[in-house]
Every structure is written in C-alpha cells, then in structure tokens.
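**Q**
There are 2 protein chains.
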Amino acid sequence: MVTKNEEENSFAKYKLLEKYAQFIDCNEDIKTSVEAEHTLSLPLSSALFTEHIDFDLSYFPLKHLGYKLIVATMMDILAINGTPTQMRVDLALSNRFAEEAIDELMSGIVFCCSKFKIALTGLDLKPSATGLIIAVSMLGEVAVEQKVGRSGARENELICVTGDLGSAYTGLILLEREKKVFQADPSQQPDFIGVDYLLERYLKPEPPVGALHNIKPTSMIHLKDGLAAGLIHLCNASKLGCTIFEEKLPIDILTFDKLKELNIVATTVALNGGEDHELLFTFKQEDYEKIKEIKEVSVIGYMTPETSGRYIVTNDNRQFELRAQGF
Amino acid sequence: MVTKNEEENSFAKYKLLEKYAQFIDCNEDIKTSVEAEHTLSLPLSSALFTEHIDFDLSYFPLKHLGYKLIVATMMDILAINGTPTQMRVDLALSNRFAEEAIDELMSGIVFCCSKFKIALTGLDLKPSATGLIIAVSMLGEVAVEQKVGRSGARENELICVTGDLGSAYTGLILLEREKKVFQADPSQQPDFIGVDYLLERYLKPEPPVGALHNIKPTSMIHLKDGLAAGLIHLCNASKLGCTIFEEKLPIDILTFDKLKELNIVATTVALNGGEDHELLFTFKQEDYEKIKEIKEVSVIGYMTPETSGRYIVTNDNRQFELRAQGF
Numbered sequence: 062m063v064t065k066n067e068e069e070n071s072f073a074k075y076k077l078l079e080k081y082a083q084f085i086d087c088n089e090d091i092k093t094s095v096e097a098e099h100t101l102s103l104p105l106s107s108a109l110f111t112e113h114i115d116f117d118l119s120y121f122p123l124k125h126l127g128y129k130l131i132v133a134t135m136m137d138i139l140a141i142n143g144t145p146t147q148m149r150v151d152l153a154l155s156n157r158f159a160e161e162a163i164d165e166l167m168s169g170i171v172f173c174c175s176k177f178k179i180a181l182t183g184l185d186l187k188p189s190a191t192g193l194i195i196a197v198s199m200l201g202e203v204a205v206e207q208k209v210g211r212s213g214a215r216e217n218e219l220i221c222v223t224g225d226l227g228s229a230y231t232g233l234i235l236l237e238r239e240k241k242v243f244q245a246d247p248s249q250q251p252d253f254i255g256v257d258y259l260l261e262r263y264l265k266p267e268p269p270v271g272a273l274h275n276i277k278p279t280s281m282i283h284l285k286d287g288l289a290a291g292l293i294h295l296c297n298a299s300k301l302g303c304t305i306f307e308e309k310l311p312i313d314i315l316t317f318d319k320l321k322e323l324n325i326v327a328t329t330v331a332l333n334g335g336e337d338h339e340l341l342f343t344f345k346q347e348d349y350e351k352i353k354e355i356k357e358v359s360v361i362g363y364m365t366p367e368t369s370g371r372y373i374v375t376n377d378n379r380q381f382e383l384r385a386q387g388f
Numbered sequence: 062m063v064t065k066n067e068e069e070n071s072f073a074k075y076k077l078l079e080k081y082a083q084f085i086d087c088n089e090d091i092k093t094s095v096e097a098e099h100t101l102s103l104p105l106s107s108a109l110f111t112e113h114i115d116f117d118l119s120y121f122p123l124k125h126l127g128y129k130l131i132v133a134t135m136m137d138i139l140a141i142n143g144t145p146t147q148m149r150v151d152l153a154l155s156n157r158f159a160e161e162a163i164d165e166l167m168s169g170i171v172f173c174c175s176k177f178k179i180a181l182t183g184l185d186l187k188p189s190a191t192g193l194i195i196a197v198s199m200l201g202e203v204a205v206e207q208k209v210g211r212s213g214a215r216e217n218e219l220i221c222v223t224g225d226l227g228s229a230y231t232g233l234i235l236l237e238r239e240k241k242v243f244q245a246d247p248s249q250q251p252d253f254i255g256v257d258y259l260l261e262r263y264l265k266p267e268p269p270v271g272a273l274h275n276i277k278p279t280s281m282i283h284l285k286d287g288l289a290a291g292l293i294h295l296c297n298a299s300k301l302g303c304t305i306f307e308e309k310l311p312i313d314i315l316t317f318d319k320l321k322e323l324n325i326v327a328t329t330v331a332l333n334g335g336e337d338h339e340l341l342f343t344f345k346q347e348d349y350e351k352i353k354e355i356k357e358v359s360v361i362g363y364m365t366p367e368t369s370g371r372y373i374v375t376n377d378n379r380q381f382e383l384r385a386q387g388f
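So the sequence lines, in the order shown, correspond to chains A and B.
For what it's worth, our numbering labels the leading residue of the first sequence as 62, then goes sequentially.
For what it's worth, our numbering labels the leading residue of the second sequence as 62, then goes sequentially.
1. Enumerated in chain order, which unbroken segments of the alpha helix (DSSP H) with a length of 4 residues or greater are wholly contained in the stretch 239-314 of chain B?
2. Counting only C-beta atoms, is A:A108 closer than 8 Å to chain B at any point?
3. When you compare the CB of A:Y81 with every CB in chain B, is at least one pair closer than 8 Å?
4. Can you tell me where the alpha helix (DSSP H) holding B:I170 begins and where it ends?
5. With burial defined as no fewer than 16 other Cβ atoms inside 10 Å of the residue's Cβ, what is the status of B:F253: buried or exposed?
6. Since B:L341 and B:I282 should fall inside the 8 Å C-beta cutoff, what is the C-beta to C-beta distance between them, to a whole number of angstroms?
7. Within 10 Å of its beta-carbon, does A:H338 have 16 or more other beta-carbons around it, so buried, or fewer, so exposed?
8. Out of B:N324, B:S299 and B:G334, state which residue places its alpha-carbon closest to the alpha-carbon of B:R211.
9. Which residues mark the beginning and the end of the alpha helix (DSSP H) in which B:V50 is found?
10. If I'm right that A:R371 touches A:C303 with Cβ under 8 Å, what's the distance once you round it to whole angstroms?
11. With a threshold of 8 Å between beta carbons, is B:H113 in contact with chain A?
12. For B:Y349, is the classification buried or exposed, using 16 other Cβ atoms within 10 angstroms of its Cβ as the cut-off for buried?
13. Give me the residue from B:I85, B:M135 and B:K76 with the minimum Cα distance to B:P269.
14. Compile a chain-ordered list of the residues in the stretch 195-221 of chain B whose CB is closer than 7 Å to at least one CB of chain A.
15. Give me the Cα-Cα distance between B:L103 and B:V203, rounded to the nearest whole angstrom.
16. Any chance the stretch 188-202 of chain A sits against the stretch 109-129 of chain A, with 3 or more Cβ pairs inside 8 Å?
17. Using 8 Å as the threshold, is the stretch 155-168 of chain B in touch with the stretch 124-142 of chain B, meaning 3 or more CB pairs across them?
18. Using 8 Å as the limit for Cβ to Cβ distance, is A:K74 near chain B?
19. Give me the residue from B:G183, B:Q249, B:G232 and B:G224 with the minimum Cα distance to B:G255.
20. Could you tell me if B:R238 is buried or exposed, where buried requires 16 or more neighbouring beta carbons within 10 angstroms of its beta carbon?
21. Helix or strand or just coil, what does DSSP make of A:L184?
22. Could you work out which residues of chain E lie near B:D151, taking near to mean beta carbons separated by less than 8 Å?
23. Report the rounded CA-to-CA distance for A:A385 versus A:G287, giving the unit in angstroms.
24. Quick check: what's the CA-CA separation for B:N376 versus B:A327?
25. Looking at chain A, is there any beta carbon in it that lies within less than 8 Å of the beta carbon of B:E160?
26. Does any residue of chain A bring its CB to less than 8 Å from the CB of B:I282?
27. Could you check whether the stretch 165-184 of chain A touches the stretch 145-157 of chain A, counting it as contact only if at least three pairs of C-beta atoms, one from each stretch, sit closer than 8 Å?
28. Taking buried to mean at least 16 other C-beta atoms within 10 Å of its own C-beta, is B:L310 buried or exposed?
29. Against chain A, with Cβ distances strictly below 8 Å, would B:M167 count as a contact?
30. Can you find a CB in chain A that lies within less than 8 Å of the CB of B:N88?
31. Spell out whether any CB of chain A is found under 8 Å from the CB atom of B:V132.
32. Within a Cβ cutoff of 6 Å, which residues of the same chain sit near A:L236, ignoring the five residues on either side of it in sequence?
33. Determine which residues of the stretch 251-267 of chain A have a Cβ less than 8 Å from any Cβ of chain B, and write them out in chain order.
34. For B:L323, count the other beta carbons within 10 Å of its own beta carbon; 16 or more makes it buried, fewer makes it exposed. Which is it?
35. Excluding the five sequence neighbours on either side, which residues of its own chain have a C-beta within less than 8 Å of the C-beta of A:F381, listed in chain order?
36. Using a C-beta cutoff of 8 Å, does A:A140 count as contacting chain B?
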C-alpha cells in the first residue's frame with residue numbers, strides 16, 4: 062500500500078524534523094503576556110493539504126473535503142486536551158476551479174466551524190499553478206493544568222484509543238479501487254453497496270470531541286499516520302516501551318470483512334494505514350472506572366520500561382516489534 | 062507588468078472574498094476565554110506561498126525567502142497594532158529538494174523568529190507533487206484598546222505610509238530582467254551594480270516594527286498589493302474618499318532613476334506594483350507633532366467624504382481616480 066518512495070520520503074521527513082527540533086520552542090521564554098500572566102496555554106495548530114498528495118478530487122466531494130481538513134487540524138488541539146477557538150483558511154486554486162466548487166468547499170468549512178463553535182476569522186484566495194492547496198491555521202486554548210503532552214506516560218499505565226482503527230483507510234482503498242475500475246471502463250458504476258460507513262470514515266471523519274471530558278490523560282497524540290507511528294511517538298517522548306494486543310484492537314466488523322475480501326490483514330491496516338483521526342492516550346490507573354464507561358474508548362495495551370521494546374502480541378500469542386512508516 | 066489573466070484572477074478574488082465575508086467572524090460571540098475575560102485580542106495571521114506564483118527560486122536565496130515570508134505574515138499582525146508571539150510553518154517539498162536547501166530556508170525562518178522574538182512552536186514537512194509550498198501561521202496579541210482596524214478613519218484625517226514605495230517591485234523587475242538575459246545567454250553575468258538597495262527591498266524586506274510605538278493610528282492596513290489597493294480597502298472599510306498627492310509619495314531616488322531608465326512611471330509602480338510590505342494608516346490630528354518626528358513615515362494625503370471619490374493629484378495638478386488591481 063505504501064510505495065518505496067513514500068517510505069523513503071517519510072523516513073527523511075522524521076529525520077529532518079528531528080534535526081530542526083532544536084529550533085522549535087527555542088524561544089520558550091517568549092510567551093504571550095496572557096500565557097505569562099494567566100494559567101492558560103494557547104496552542105497553535107496548522108496543516109497544509111495539497112491535491113494529488115493529500116486528496117483526490119475525482120472522488121472527494123468538496124463539501125466533505127472542507128469538513129475533513131478542519132477536523133484534521135482540530136485533532137492536534139484536541140490531542141493536547143485543548144479546545145479550538147478560531148481559525149483561518151488560505152486557498153490556492155487554479156483558474157479552472159469553478160466558483161460553484163469553491164462554494165461547495167467553503168460550505169463544508171463553514172459547517173464544520175459552526176458545528177464545533179470555531180470562529181472563522183480569516184480567508185484568503187490565491188492563484189495556484191497546479192492543483193488545489195488548502196492551508197488551515199487554528200488557535201485553541203487549554204488551562205495549563207489541563208494540558209496534556211506526549212511525554213507524560215508512566216510505566217504500567219494503560220493505553221487507549223478512541224473510535225475504531227483502519228476503517229477510514231479501508232474506505233480509501235475502496236475509493237481508489239473503484240476509481241481504477243471506472244478509469245478502465247467509464248460505463249461501470251462504482252460498487253459501494255453496504256460500505257457507506259467505511260467511505261464516511263475516510264471522507265467525513267468525526268472528531269472525538271468531548272469523549273474524554275471527565276478524565277485527564279497522562280499523554281496523548283492525534284492518530285493520523287497509523288497506530289504504530291502514534292505509539293512510537295508516545296514511547297519516544299515518554300522514554301518507555303509498550304505492549305499492545307491484537308485481539309484488543311478496535312477493528313469494526315465491516316472493515317475486517319472488506320479487508321479479508323481484498324486479502325489484506327486488518328491488523329496491518331490498523332497499525333500502518335493511517336487516516337484514522339482518533340486519539341491515542343495513556344491514563345492513570347485511578348481513572349480506570351471512568352474509562353470503562355466511555356463507550357468510544359478501547360483499552361489496547363500498557364506501557365512498559367524502555368528496555369522492553371515496543372511489541373504487539375498477536376492472537377496466536379506471538380510477539381512482533383512495532384515498526385512504523387517514517388521511522 | 063500585470064497580465065490580463067492576473068487582472069482577471071485578482072478581480073475574481075476580491076469578488077469571491079466579498080461573497081464569503083458573511084462567514085468571516087460569523088461566530089464573533091465565540092471568543093477565547095482569554096479574550097472574553099481580559100481586555101486582550103488574539104489576532105491569528107496566516108499566509109500561503111507557492112513557488113512559481115509567489116517566488117522564483119532561480120534568483121531567490123532560500124535564506125532570504127524564509128526571512129521574507131515570516132515578515133510578510135507578521136505585517137498583518139503589525140497592521141492591527143499587534144505584536145507577533147508564536148508561529149508554525151508547514152512546508153511541502155518535492156523529493157528533488159536537497160537537505161542543504163531546507164537548511165538554508167530554515168535558517169532564514171529561525172533567524173527572523175529570533176530577531177523579532179517570535180516563538181517557533183511547530184514545523185511540519187510533507188511531500189509536494191510540484192514546487193515548494195510554504196504555509197505560515199502566526200499568533201499575535203494586542204490590548205483591546207490598542208487594536209486598530211481598517212474602518213476607524215474619519216474625514217480630514219491625514220494618510221501616512223511607512224518606508225518608501227515601489228523600490229521592492231523595482232527590485233523584482235530587475236531580477237526578472239536579468240533572469241531573461243541569463244536564459245538567453247548563460248555566459249552573461251547579471252548586472253546588479255548599484256542596485257543592492259532595490260534587490261534587498263524585494264528579497265529581504267524589513268518590517269516597520271516599533272515605528273508607531275507612541276501613536277495609535279485610527280485605521281491601518283498592510284501594504285502588499287500596492288498603495289492604490291491599500292487606500293481603496295481603507296476607504297471602503299471607513300466609508301470615505303481620499304485625496305493623495307503624487308509629489309508626496311515616498312519614492313526613493315534610486316527607484317525613480319532605475320524606473321526612468323526602464324521607461325516605467327514610478328508613480329504607477331508605487332500605486333500598483335505591490336511587494337512593499339509597509340504600513341498605510343490614518344491618524345488623529347492631535348498626533349501630528351508626533352508623526353512629524355518619525356523619520357520612516359510620510360504624510361501623503363487626507364481622507365475626504367465618500368462622495369468625493371478617491372483621487373491622486375499629479376505633479377502637474379491633474380486629478381486621476383485611483384484604480385487598483387483586483388477591484
């Protein structure tokens with residue numbers, strides 16, 4: 062599913078990000094006067110989406126695209142336990158892009174802002190020499206004592222994930238398959254009977270807003286590049302290992318069946334597919350009773366000492382080291 | 062200088078921005094709890110820059126590019142009388158982009174952040190199917206009573222501009238000219254003797270930080286698409302007209318001479334060239350003595366009733382209506 066090139070690209074990406082990490086927050090002593098004087102943190106989130114790389118307009122309805130990109134940007138603020146407050150959008154479009162198409166895109170953006178009470182405070186349009194480019198900038202807020210980072214996990218803490226894994230990526234596989242069928246024979250109608258849920262998970266993901274309102278995780282991350290990448294990020298930041306269990310992974314039955322039909326192992330998609338836009342987090346044992354009551358959350362494993370490594374225990378009781386794209 | 066296509070594009074842009082303006086700030090009642098509880102405003106600024114459209118890497122040193130894009134994004138925060146506090150950068154690059162080149166770009170970004178005490182709080186890298194794409198997101202802050210909008214100008218108030226006009230665009234003309242010479246005959250060395258100032262104004266503009274520290278303008282805007290566009294924005298927002306004087310335009314003598322050599326009227330470049338990255342503002346008459354003492358500020362005209370229209374009075378005492386790209 063991931064080409065060699067993409068893998069190399071991802072690898073270079075993480076190596077470079079590590080290199081430039083020295084500059085990030087280098088001016089940590091320069092806080093806004095609000096942050097300095099009050100016990101509030103103002104997280105800034107941003108994301109850049111480009112046609113052909115991040116989305117394919119041949120099957121992505123523009124209204125859903127607008128909605129999804131806002132959700133994807135929100136997730137980074139939710140992942141530090143914050144609330145998004147305002148955002149801006151910068152669009153670059155080619156001359157061929159019809160006004161009705163911009164209307165569709167904007168309607169998805171505006172609907173999402175309104176639904177999650179995010180003030181849309183700016184919009185700019187520019188020409189693009191190639192495809193559609195969308196940049197979203199978002200501000201959030203979180204009380205300092207409520208802020209959650211990636212490095213707060215402790216040994217033996219349980220690992221949880223919201224929602225289910227792999228369904229969005231399965232939706233993407235189906236969309237790509239039907240696109241190829243259509244390209245080969247335009248008289249063929251796409252066969253999407255019974256897979257609405259999978260398509261919707263890819264095309265219009267719902268953010269897990271409020272799911273964790275009465276617990277404060279010890280560490281958390283936005284799951285966008287697959288479970289394995291998310292776990293490795295949390296483990297690296299907290300200097301820990303982890304063990305997760307294949308049988309505990311929240312894989313929807315429809316996802317499982319469809320992937321089986323396609324001869325793809327569902328666990329691989331959950332680990333490395335990406336596109337889930339869910340939260341992966343660890344929490345204190347004292348919160349276990351509260352966690353059990355949240356229906357959209359699954360416990361999938363626990364944190365271990367760093368020297369124990371990062372493993373998944375399969376249903377037939379074998380252990381495999383977790384590897385992720387980009388490491 | 063502006064092709065027909067660009068003009069049409071600009072026109073469509075402003076028409077569309079006007080159309081979607083109904084959605085901007087639609088949730089104005091949703092403020093961050095900071096804004097609601099304190100007398101502070103948190104302006105979010107963002108900008109998207111794409112290769113071939115916004116910059117040409119054949120003559121734009123990457124370190125300068127990084128610096129300039131941060132300055133350009135800062136200007137929108139300076140234009141509401143705010144101070145930038147933190148920012149994020151999203152880069153999309155093709156595989157052909159060398160790591161040394163990313164280093165160069167990052168060094169300009171980091172230098173600019175450090176110089177203006179802006180915390181760089183995030184960086185992401187993605188692949189790009191075409192050229193380099195850079196998205197900057199920036200947060201600022203300003204006390205509510207110090208915030209300056211576009212709509213606060215009053216009749217008879219004087220109009221000012223920081224820095225000089227047209228020099229950056231002249232630098233761009235020279236760079237484009239030498240590029241064509243080089244393309245036609247690669248053995249030719251570029252002729253940039255004596256025009257360092259013009260090139261620097263385009264390649265590495267300095268933001269007018271602190272220039273207005275002891276006055277509060279009544280209205281202000283970031284001058285990026287030329288003086289005429291800026292004036293028309295302020296006039297529209299304040300529902301006023303304006304009269305400016307050609308002889309008062311701060312056009313540097315080197316700019317004037319170079320443009321004359323090229324058979325281009327300097328006033329046209331000042332009005333419509335763009336790329337100045339200066340502040341255009343109006344102020345209360347009681348601040349006149351203070352304004353006179355700020356050496357980087359020039360008074361260029363005054364605001365009039367809306368019915369009087371928007372005019373420039375030329376050196377030979379003729380009046381021309383101001384027209385801007387994009388209207």
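All C-beta atoms in this analysis are idealised placements derived from N, C-alpha and C, irrespective of residue type, glycine included.
**A** Short version:
1. 257-264 and 288-299
2. Taking the first sequence and counting its residues from 1, the one referred to as residue 108 of chain A is at position 47. Chain B contact via Cβ: present.
3. Here residue 81 of chain A refers to the residue found at position 20 of the first sequence. It does: the Cβ of A:Y81 has a partner Cβ on chain B nearer than 8 Å.
4. Translated into the one-based positions of the second sequence, residue 170 of chain B becomes position 109. Looking at the DSSP string, the run of the alpha helix (DSSP H) that includes B:I170 is E160 to K176.
5. Position 192 of the second sequence, counted from the start, is the residue given in the question as residue 253 of chain B. B:F253 is exposed by the Cβ-count criterion.
6. Taking the second sequence and counting its residues from 1, the one referred to as residue 341 of chain B is at position 280. Taking the second sequence and counting its residues from 1, the one referred to as residue 282 of chain B is at position 221. Going by Cβ atoms, the distance from B:L341 to B:I282 rounds to 5 Å, so yes, they are a contact pair.
7. Counting from one through the first sequence, the residue named residue 338 of chain A turns up at place 277. Its Cβ being crowded by 16 or more others within 10 Å, A:H338 is buried.
8. One-based indexing of the second sequence puts residue 211 of chain B at position 150. Nearest C-alpha to B:R211: B:S299.
9. The shown model of chain B, from 62 to 388, leaves out residue 50 of chain B, and the question about it has no answer.
10. Here residue 371 of chain A refers to the residue found at position 310 when the first sequence is read from its first residue. Here residue 303 of chain A refers to the residue found at position 242 when the first sequence is read from its first residue. Confirmed, about 5 Å.
11. If you number the second sequence from 1, residue 113 of chain B lands on position 52. Cβ-Cβ to chain A under 8 Å: yes for B:H113.
12. Taking the second sequence and counting its residues from 1, the one referred to as residue 349 of chain B is at position 288. Burial call: exposed.
13. By one-based count along the second sequence, residue 269 of chain B stands at place 208. Looking at the Cα atoms, B:M135 is the closest of the given residues.
14. A196, S198, L200 and E202
15. Here residue 103 of chain B is taken as the residue at index 42 of the second sequence, counted from 1. Here residue 203 of chain B is taken as the residue at index 142 of the second sequence, counted from 1. B:L103 and B:V203: Cα-Cα distance of roughly 7 Å.
16. yes
17. yes
18. The residue you call residue 74 of chain A lines up with position 13 of the first sequence. So yes, A:K74 belongs to the interface.
19. Locating residue 255 of chain B in the second sequence gives position 194, where the first residue counts as 1. Ranking the options by Cα distance to B:G255, first place goes to B:G232.
20. Translated into positions along the second sequence, residue 238 of chain B becomes position 177. Exposed: under 16 other Cβ atoms inside 10 Å.
21. Reading the first sequence from its first residue, position 123 is the one you call residue 184 of chain A. In the structure shown, A:L184 sits in a strand (DSSP, three-state: E or B).
22. Structure shown: chain E not included; protein chains present are A and B.
23. In the first sequence, residue 385 of chain A corresponds to position 324, counting from 1. In the first sequence, residue 287 of chain A corresponds to position 226, counting from 1. Between A:A385 and A:G287, the C-alpha separation is close to 8 Å.
24. Reading the second sequence from its first residue, position 315 is the one you call residue 376 of chain B. Reading the second sequence from its first residue, position 266 is the one you call residue 327 of chain B. Whole-angstrom Cα-Cα distance: 13 Å.
25. Numbered from its first residue, the second sequence carries residue 160 of chain B at position 99. Closer than 8 Å: yes.
26. Translated into positions along the second sequence, residue 282 of chain B becomes position 221. Output row for B:I282: interface = no.
27. yes
28. Numbered from 1 along the second sequence, position 249 holds the residue referred to as residue 310 of chain B. By the neighbour-count rule (16 or more Cβ atoms within 10 Å), B:L310 is buried.
29. Here residue 167 of chain B corresponds to residue number 106 of the second sequence, with the count starting at 1. It does: the Cβ of B:M167 has a partner Cβ on chain A nearer than 8 Å.
30. Locating residue 88 of chain B in the second sequence gives position 27, counting from the first residue. Confidence at B:N88 is low in this model, with a pLDDT of 41, below 50, so the placement of that residue should be treated as unreliable; the coordinate-derived value is given next. It does: the Cβ of B:N88 has a partner Cβ on chain A nearer than 8 Å.
31. As a working note, residue 132 of chain B is residue 71 in the second sequence. Taking Cβ atoms only, chain A never reaches closer than 8 Å to B:V132, which makes this a no.
32. Stepping through the first sequence from its first residue, residue 236 of chain A is reached at position 175. Counting only Cβ-Cβ distances below 6 Å, and skipping sequence neighbours, we find Y120.
33. none
34. By 1-based counting over the second sequence, the position of residue 323 of chain B is 262. It counts as exposed.
35. Within the first sequence, the letter at position 320 stands for residue 381 of chain A. Closer than 8 Å at the Cβ level, and outside the excluded window around A:F381, lie Y372, I373 and T375.
36. Reading the first sequence from its first residue, position 79 is the one you call residue 140 of chain A. Answer no: the Cβ-Cβ gap between A:A140 and chain B never drops below 8 Å.
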